[in-house]
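One structure is given here, and the rest of the page talks about it.
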Amino acid sequence: MNDLIAMLTDMLGPLGPMIALGGLGLLLVLATLPFLLTKKPDPLDKLRRENTRHIKPDEAPLRIAGKSRMR
Numbered sequence: 025m026n027d028l029i030a031m032l033t034d035m036l037g038p039l040g041p042m043i044a045l046g047g048l049g050l051l052l053v054l055a056t057l058p059f060l061l062t063k064k065p066d067p068l069d070k071l072r073r074e075n076t077r078h079i080k081p082d083e084a085p086l087r088i089a090g091k092s093r094m095r
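For the record, in the sequence shown the residue sitting at position 71 is 95 according to my numbering, with numbers rising by one throughout.
This is the structure in structure tokens:
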């Protein structure tokens, strides 16, 4: 461990270990970005598509729920 710190200090100066840690942090952030930026399909969108696919626009009910409560 001390050899690694000594090598970083010799190559990059007194802030060598901090530069190496910053580079490692940047590498980890760049590795996680593809996972965060991929859009996953919404399960509710799939249900909505399947529900509206079978109903013709003329036959579609005006209300989704049961009977009206006002009489």
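Built from N, CA and C at the ideal position, the CB exists for glycine as well.
For residue i, the first and last residue of its enclosing alpha helix (DSSP H)
i, result
"Thr62", "Neither: Thr62 is in no alpha helix (DSSP H) and is coded neither H nor E."
"Met35", "26-36"
From the options, residue whose alpha carbon lies closest to that of residue i
i, options, result
"Leu45", "Thr56, Leu32, Leu57, Leu71", "Leu32"
"Met25", "Pro41, Leu50, Met35, Pro58", "Pro41"
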